[in-house]
């Protein structure tokens, strides 16, 4: 996982300006680097690409020159009239390869790549290789003409070279990319169809000619780059279970975990993967699958956040959940990390979260973002098992999870009819109405959820991975009739996400298979505390439709 950015100045880009509502961008490069470094604490690098125009007005030639920050070489070609520059920045949380790497990458053809993503398939990557370096090799062989189709080979080249979009379309896994193709003087940027990795844009305006791409927002002057996807809606729970297990396997044990990081001069016992854990259906399935995919030597951290101590619904279900996990996998060391928060004591943190969730700006987004940010921080309390049967002998002490990968259940509700409004749509519009609502959920998941969630989790130097949004899992679920996915005539906890409840039973999770859906803002009780603070009571907040109201900045 990485943080990537590009600042363009003095260069006119061939893209449309969003219009008069664009805001003036005020930020410093140091501020941007600091924000990116929180996502990628292992290394931070930068490259500057300078442009010079020579020749006559009729036959202009664009030359470029690359400067690396910190390499001691600041000599620029003499007699050049620099007309613009591109400043590429990359911060890395290294999860692949055996040697440290530094972004952005530059190849022998002077192409520049800043990449934030994982390649789980589509492009072959050896276990000990860095996927960004492999991707740059493939991109370096792409056609440089401007007649690209979204798929297939270049129609002009005699060598049947692939186009940049065709190479990117092969990738199975989450990604966001900023790529300079030197031969065509073309800047490519974008992200996967579901928007699983954040990429924000500040378009050039009359008042501010700079163009910014970034994983995070230095200010509120950005918008999200739209993702897109197509969905059309035959199979059983065993197929879904197999696809989900393969998805978790790809995200946890496809490659050797990067071993080059030390803490305080010494290696720590490796806890490579944590689960964002409520004890609900989705997180229980992920934890049970992780048990089957992860080497037995590794411990698993289950990160649980509560704004009401032991009384929050998610804390209660998490404690029940870890007991069920211990029953089905007694040899695995499960660690429930209890992250206790008080809304009155996290004022400064919430201001920081406001900058992370932007352009989202509602109380619901702030509540979800704050809960996710605190949970992903992994700083809480654990009860150490003394290996005897007496619970009173367990010692509670402070603990911060060292896991660099966090499994998140995003996408399960959207694909398996887990929201309460799905039942309303089914009641009013039948299967057609439900299908249309779920299709819209997947079309807008990049905007409603994934960009926000990625920024809040990655700000803690951890990478969010979404097994339910694996391309193969999505395809399997789309091939199953909707009435096998859910039966919304049944009560909550039975008919909603019916197929995932069957998957849970196959995994031995009989108790988890009947748990009702609870969103993190309600299960952690942050919504209740926020409503009391900002509206006086839950009732007043509900009457005011508080979830959709923009929050007030102080």
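Residue numbers (mature numbering (1 follows the signal peptide of the UniProt record, and there is no 0)): -16 to -1, 1 to 538. C-beta: ideal position from N, C-alpha, C; glycine also.
- Partner residues in the beta bridge of residue 534, as assigned by DSSP, are 346.
- The C-beta distance from residue 384 to residue 412 rounds to 47 Å, too long to meet the 8 Å contact threshold.
- Taken in chain order, the complete beta strand (DSSP E) segments of 3 residues or longer contained in the segment 421 to 453 are 447 to 449.
- Looking at the DSSP output, residue 260 shares a beta bridge with 287.
- Distance from the CA of residue 365 to the CA of residue 493, rounded to the nearest whole angstrom, comes to 25 Å.
- By the C-beta density criterion, residue 93 is exposed, having fewer than 16 other C-beta atoms within 10 angstroms.
- Here residue 444 is buried: its Cβ has 16 or more other Cβ atoms, across all protein chains shown, within 10 Å.
- The Cβ-Cβ distance between residue 323 and residue 289 falls below 8 Å.
- Assignment of residue 301 by DSSP, reduced to helix, strand and coil, places it in the helix class.
- Secondary structure at residue 319: strand, using DSSP grouped into helix, strand and coil.
- Secondary structure of residue 75 (DSSP, three-state): strand.
- DSSP places residue 515 in the helix class (H, G or I) of the three-state scheme.
- Among the bridge pairs identified by DSSP, residue 25 is matched with 76.
- The segment 341 to 355 makes no contact with the segment 300 to 315; the number of CB pairs closer than 8 Å stays below 3.
- Only residues of its own chain outside the window of five on either side were considered, and among them 89, 91 and 97 have a CB closer than 6 Å to the CB of residue 120, listed in chain order.
- The three-state secondary structure of residue 175, taken from DSSP, is strand.
- Sequence-distant partners of residue 409 (beyond 5 residues in either direction) whose C-beta falls short of 7 Å from its own C-beta, in its chain, are 417, 418 and 421.
- By the CB criterion at 8 Å, residue 153 and residue 128 fall outside the cutoff.
- Closest option to residue 293, judged by alpha-carbon separation, among 77, 34 and 508: 508.
- Distance from residue 155 to residue 107 at the Cβ level is roughly 6 Å; contact confirmed, criterion being Cβ atoms closer than 8 Å.
- Counted as a single uninterrupted DSSP element, the beta strand (DSSP E) harbouring residue -12 occupies residues -15 to -8.
- Separation of the CB atoms of residue 429 and residue 455 is rounded to 14 Å, and the pair is thereby denied contact status at 8 Å.
- For residue 122, the enclosing alpha helix (DSSP H) starts and ends at 115 to 124.
- Judged by beta-carbon spacing, residue 199 lies beyond the 8 Å limit of residue 525, meaning their Cβ atoms are not closer than that value.
- The DSSP-derived three-state label of residue 529 is coil.
- With 16 or more other Cβ atoms from the protein chains shown falling within 10 Å of its own Cβ, residue 87 counts as buried.
- Judged by DSSP in its simplified three-state form, residue 357 adopts helix.
- Considering only 403, 464, 396 and 115, the residue with the shortest C-alpha distance to residue 488 is 396.
- If you draw a straight line from the Cα of residue 484 to the Cα of residue 469, it is about 8 Å long.
- Residue burial annotation: residue 13 is exposed, with fewer than 16 other C-beta atoms found within 10 angstroms of its C-beta.
- Per DSSP, residue 195 lies in no alpha helix (DSSP H); the unbroken beta strand (DSSP E) holding it starts and ends at 195 to 198.
- Between the alpha carbons of residue 447 and residue 378 lies a gap of roughly 31 Å.
- Contact between the segment 320 to 340 and the segment 473 to 483 is absent: fewer than three C-beta pairs spanning the two stretches fall below 8 Å.
- For residue 365, the enclosing beta strand (DSSP E) has its first and last residue at 363 to 368.
- In terms of CA proximity to residue 172, 161 leads the group 254, 179, 182 and 161.
- Taking the CA atoms as reference points, residue 338 sits about 22 Å from residue 75.
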